[in-house]
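Before any comments, here is the structure.
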Amino acid sequence: PGFIVRTIQKLRRQGHIGSEVSLIQDIRNREFKIFTDAGRICRPLFIVDNDPASPR
Numbered sequence: 001p002g003f004i005v006r007t008i009q010k011l012r013r014q015g016h017i018g019s020e021v022s023l024i025q026d027i028r029n030r031e032f033k034i035f036t037d038a039g040r041i042c043r044p045l046f047i048v049d050n051d052p053a054s055p056r
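Right, here's the structure in full:
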């Protein structure tokens with residue numbers, strides 16, 4: 001499951017998966033859910049890289 005989550009995150013951040021697609025990892029039930037139905041709410045999300053070597 002960790003490999004799938006990392007791969008999906010990478011694809012989303014590269015723009016291969018649209019922002020209107022909801023991706024949810026349910027750790028308790030060991031499920032990874034993908035929702036593409038109409039009316040998905042989009043909100044801004046900022047990715048923070050904690051690597052000190054990253055440019056600011």
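If you count by UniProt numbering, then the sequence shown holds residues 1 to 56, one letter each, in order.
Even glycine gets a Cβ: it sits at the ideal position worked out from N, Cα and C.
Keep in mind that this is a model prediction, so the values were computed, not measured.
Distance, residue j Cα to residue i Cα
| i | j | result |
| --- | --- | --- |
| L45 | A53 | 22 angstroms |
| F35 | Q25 | 11 angstroms |
| K33 | R43 | 18 angstroms |
| R28 | R6 | 18 angstroms |
| A38 | E20 | 9 angstroms |
| G15 | I47 | 14 angstroms |
Sequence-distant residues of its chain with Cβ nearer than 7 angstroms to residue i (five each side left out)
| i | result |
| --- | --- |
| I4 | F32 |
Minimum C-alpha distance to residue i - residue among the options
| i | options | result |
| --- | --- | --- |
| D49 | I8, T7 and R13 | R13 |
| G2 | I47, R30 and D51 | R30 |
Own chain residues within Cβ distance below 8 angstroms of residue i, not counting five before or after
| i | result |
| --- | --- |
| I17 | I8, L11 and L23 |
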